[in-house]
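For the sequence shown, the UniProt record's numbering gives the first residue as 1, with consecutive numbering after it. Quick reminder that beta carbons are idealized off the backbone N, C-alpha and C, glycines included. Because the structure is a prediction, the values reported are computed rather than measured.
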Amino acid sequence: WLAIHQAAWYGQDKCLRVLLSAQPGMINKKTERGETALMLAVGQEQVRCLQVLLENGADPDVSNRDKETPLYKACERNSAAMVAALLNHGAAVNTHCILGWTALQEAVSRNNVEICEMLLKAGAKHNLTNVYGIAPLFSAAQSGQLATLRFLLKHGADINSQAADGATALYEAAKNEHQDIVEFLISQKADANKPGKTGLLPLHVAAQTGNDTIVSMLIAVTSKARVRRTGISPLHVAAEHNCDDVLELLIQAGFDVNAQLSEERSKLYEDRRSTPLYFSVINGNIDAVQMLLAAGANPNLDMFRPLMVAARQCCIKTVTLLVKHGADINASIPTHPTTFPAVYMFSMKYLPMFKFLLDHGGHALCCFDCVYGGGPHPPINTSRSDRSDSVPDRRQRTGVQFCEMISAPSICRWAGPIIDLLLDYVGHVTMCSRLMEHLNSYSDWSVIKDRAAPPRPLLHLCRLRIQQLVRREEHHQKTEKLLKSKTEEKLTNQEQKEGKKKK
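Have a look at this one:
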C-alpha cells in the first residue's frame, strides 16, 4: 500500500490533502488488489476522504479486479451520501462488475428507493441484466424487496421479463416464499402461466416449498390447461415433498389426482413412476395416500404399482388402503414378468400381509404352476448374461415361476409356512419337485406335504367355492356401481352444457 491508500482507509482526510498536494499524480494509483484510494474510502465509508479525492480529480470509474466501480461499492454500502457525491462528479451509472451486476441492481437488492431514484435520474437503465440474465426487477423479487419492486414497475420495468433459465420475477418470489411480493405481482397482472426452461410454473415451485398461502394465490391465476402441457402436476410436486396442506388445497381446487408425469419426466426416475399417489406411497405418507385415494386416485396406473411399493416397505396400513380402493393384487410388472402376482415377491416373508392379499382376491393356484412339474429343475441362474441360453422358450414367455422365487436365499427359509398358507386357498394341486425339495429339507414341514396330498377335505373345497361366488358377486356389484357413477357423471356434464347454451 501507498501512504495515500492508508490515509483513505483510516479516514485521515487532512493527511490525504497533504499527500495529494505533494504528489497529485498518485491519486488513481492502485493497490496490489487493484483498488484505488477512492475505492478504499468508499469501502470504509469515509465520506470526507471521498470528497477530498473527488475534489482533487480522482477518477470515479476506475474499477477493481472484480470490475466493481466506486459507485457500485457505494450502493453495496447502502450510502446515499456517497452515491450522490460520485454522481455529482460524473460517475458512469451503467457499468457492470465481472458478474454483470450494475449499481442499480445492488441498490435494488438493498431496497433503497432513494438511491434507485438518484441512479435512474442519472441515466441508469432498469433493463440491463447480469451474466445469469437477471434484471433489477428480478433481483427485487428474489430478495423480497417490495419498495424497490414497486419503484421499478412504476418506472416501466417489464414485469414478465425472464432470466437466463426462464424464471420470472413471480416464479422467483414464489420460490423464496415472499408472500407480499407474490401478492403484489399478481395484482399487477404478472403472468403466472409463463414457464421456465424446465417447464415449471410458479405454482409448481410454490407447491414444492409447501407455502399454502402462496399456492392459494397462484391457483386463482394459473391455467389448468397450461399445467397439463408442462407434463407434471403441482400434485406430483406436493406429494413428492410431503406438503400435505398444499396437496389438500390442490385437490379442493380440482386438480386431477390421476394426472400422470409425461414420459420425458417419468424417465428421470428409475422406477418410471407417474402418479402423485406413487410419490406419497414411496414416501410412506399414509395421510397423503388416504387423501388422494378418497379424492379418486387410481392405484393401478403406474407400471410398478403403488401396492408393490407398500408391500416392499411392509406397510400394512398403506396396503390395506390401496386394496380397499381397488388396487389390483394380481398385477404383474411388464418389464419383469412372473407367473404369479408380482406383489407376492415383496410380501411372502410377511405372512400376515401375504394372508391379507390372499384373503382379498390374490390368486393362489398359479403359485403351483410349473413347466417342469415333477421332473428335475435346472439350477437357478443368477447371472443375466447367459440366462436366455439356459431357459426354455415356454419359460421365457411366462416369466419367473413361484417355485424359483421361493428358492431365493432370502426367502427359502420361510418356504414351509408360505406353502402351508397357500394351501388354504387352493383345491387339488400337484407340487413340483422344487417345492417338494423345500418341504423335504425340514422335518417339521412333512405335515405340510401330507396336507397337500389329494384328496383335499370336502369342507375345504366347499369353503373355496363359496368364497369364489362371493367375490364374483362383489365384483359384479362394484362394476354396476362404477357404470352407474359414470352414467350420472355424463348426465350431469350434459345438463351443465345445455345450461351454458341457454345462457
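Would you check if the distance between the CB atom of residue i and the CB atom of residue j is smaller than 8 Å?
i, j, result
"VAL323", "ILE329", "yes"
"GLU240", "PHE279", "yes"
"GLY100", "VAL131", "yes"
"VAL113", "ALA103", "no"
"PRO202", "TYR171", "yes"
"THR398", "THR339", "yes"
"CYS412", "CYS370", "no"
"HIS96", "LYS125", "no"
"HIS5", "LEU40", "yes"
"ALA295", "VAL257", "yes"
"GLY361", "ARG471", "yes"
"LEU149", "PHE184", "yes"
"residue 514", "ALA147", "For residue 514 there is no data in the structure shown, the boundaries of the chain being 1 and 503."
"SER274", "LEU261", "yes"
"LEU422", "CYS367", "yes"
"GLY427", "ARG451", "no"
"LEU20", "ALA8", "no"
"ALA327", "PRO341", "no"
"CYS314", "TYR350", "yes"
"ILE134", "ALA163", "yes"
Tell me where the alpha helix (DSSP H) around residue i begins and ends.
i, result
"LEU293", "286-294"
"GLN179", "179-187"
"PHE138", "136-143"
"ALA327", "Element bounds for ALA327: n/a, residue is neither H nor E."
"GLU263", "263-266"
"ASN111", "Premise fails: ASN111 is in no alpha helix (DSSP H) and is neither H nor E."
"SER446", "446-452"
"VAL205", "202-209"
"THR213", "212-219"
"THR148", "146-154"
"CYS15", "13-22"
"ILE282", "276-282"
"ALA225", "224-229"
"SER419", "The identity of residue 419 in the sequence shown is Ile, whereas the question assumes Ser. Counting along the chain, the alpha helix (DSSP H) containing ILE419 begins and ends at 415-422."
"GLN44", "Per DSSP, GLN44 belongs to no alpha helix (DSSP H) and is neither H nor E."
"residue 506", "Only positions 1 to 503 of the chain appear in this structure, which leaves residue 506 out of reach."
"HIS5", "3-9"
"LYS355", "351-359"
"residue 505", "The question about residue 505 has no answer, for the chain in this structure spans 1 to 503."
"residue 507", "Since the first residue shown for the chain is 1 and the last is 503, residue 507 is missing from the structure and cannot be characterised."
"MET431", "No alpha helix (DSSP H) contains MET431, which DSSP labels as neither H nor E."
"VAL83", "80-88"
"VAL237", "234-240"
"ILE251", "244-252"
Go ahead and label residue i buried or exposed: buried means 16 or more other beta carbons lie within 10 angstroms of its beta carbon, across all protein chains shown.
i, result
"ASP212", "buried"
"ALA453", "exposed"
"LEU50", "buried"
"PRO337", "exposed"
"GLN396", "Per-residue confidence for GLN396 stands at a pLDDT of 49, beneath the threshold of 50, marking its modelled position as unreliable; no derived number is given."
"PRO379", "exposed"
"PRO392", "Only weak support exists for where PRO392 lies, its pLDDT of 43 falling under 50; the coordinates are left without a value."
"GLU106", "buried"
"GLU404", "buried"
"LYS484", "exposed"
"LEU200", "buried"
"CYS462", "exposed"
"HIS236", "buried"
"PRO409", "exposed"
"ALA238", "buried"
"GLY196", "buried"
"ASP389", "Any reading at ASP389 must be qualified, since the residue scores a pLDDT of 38, below 50, and its modelled position is unreliable; the value itself is stated next. By the 10 Å Cβ count, ASP389 comes out exposed."
"ASN127", "exposed"
"PRO276", "buried"
"ARG387", "Unreliable placement is indicated for ARG387, whose pLDDT of 39 sits below 50; the coordinate value is still reported in the next sentence. ARG387 comes out exposed."
"ASN64", "buried"
Who does residue i pair with in a DSSP beta bridge?
i, result
"GLN260", "None; GLN260 has no bridge partner."
"HIS336", "ILE333"
"HIS96", "THR102"
"GLN162", "THR168"
"VAL400", "THR338"
I'd like to know if the region 53-66 and the region 82-100 are in contact, where contact means that at least 3 CB-CB pairs between them fall below 8 Å. Cβ pair count under 8 Å is three or more, so yes.
May I ask you to verify whether the region 434-445 touches the region 409-425, counting CB pairs closer than 8 Å and requiring at least 3? Because the criterion of three Cβ pairs below 8 Å is met, the region 434-445 and the region 409-425 touch.
Inter-stretch contact at 8 Å, needing at least 3 Cβ pairs: the region 212-225 / the region 260-268: Because the criterion of three Cβ pairs below 8 Å is not met, the region 212-225 and the region 260-268 do not touch.
Is there contact here, the region 295-313 with the region 336-348, by at least three beta-carbon pairs under 8 Å? With a cut-off of 8 Å, the region 336-348 and the region 295-313 count as touching, because enough Cβ pairs lie within range.
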